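Engineer: Taking the numbering used here, I'd label the letters of the sequence shown as residues 13 to 152.
In this text, a Cβ means the ideal position worked out from N, Cα and C, and glycines have one as well.
Just so it is clear, the structure is predicted and the values come from calculations on it, not from any experiment.
Have a look at this one before I ask anything.
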Amino acid sequence: MNANPVSRDIDAIIDILRHDYARFPTDQTYEIYASDVYFKDPTSEFRGVARYRQTIAFIDRWFHQAQLDLHDIDYKPGHSPNTFDVRTEWTLSWTTPLPWSPRVTISGWSDLVVSGGVIVSHIDGWQCSIWDVVRQHFSA
């Protein structure tokens with residue numbers, strides 16, 4: 013690990029992210045997010061770690077057997093001093109609580125911006141459309 017305190021911060025965040033993905037959606041480390049973190053994915057856009065917590069709680073409550081598999085994580089210096097751009101690549105899957113219990117899978121990525129030792133932006137992208145996700149609920 014680099015002796016630079018900023019590098020230690022990013023190394024710690026990367027380690028926390030690895031652990032959070034492994035136990036998702038339970039026991040997430042919300043302290044690594046800024047209180048006004050910007051979040052966007054194909055279904056929503058908002059600010060605030062409180063709302064982010066609510067989103068994860070919704071997944072935990074309503075999506076059965078949710079699993080977030082981390083395939084890759086990398087970072088590089090950001091555009092501003094003391095910032096880092098982090099990219100994760102992942103697959104999210106869950107069983108939807110419908111009578112036929114469809115298993116749904118989304119592969120995607122997250123682009124995170126770390127500034128001042130916390131995540132200030134979290135933007136998710138999917139490798140499929142929202143309609144592809146809806147179709148998975150009704151395909152054999």
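1) Quick test of the definition: if touching needs 3 or more C-beta pairs under 8 Å, does the segment 50 to 65 touch the segment 75 to 84?
2) May I have a chain-ordered list of the alpha helix (DSSP H) segments no shorter than 4 residues that lie completely inside the segment 64 to 125?
3) If distances are taken between C-alpha atoms only, which option among Phe-75, Gln-66, Val-49 comes closest to Val-164?
4) Helix, strand or coil, according to DSSP, for Asp-39 in the structure here?
5) Are the beta-carbon atoms belonging to Pro-114 and Gln-148 less than 9 Å from one another?
Structural biologist: Based on what the coordinates show:
1) Short answer: they don't touch.
2) none
3) Residue 164 is absent from the structure shown; the chain starts at 13 and stops at 152.
4) One-based indexing of the sequence shown puts residue 39 at position 27. In the structure shown, Asp-39 sits in coil (DSSP, three-state: anything other than H, G, I, E or B).
5) Here residue 114 refers to the residue found at position 102 when the sequence shown is read from its first residue. Here residue 148 refers to the residue found at position 136 when the sequence shown is read from its first residue. Taking the C-beta atoms as reference points, Gln-148 is found nearer than 9 Å to Pro-114.
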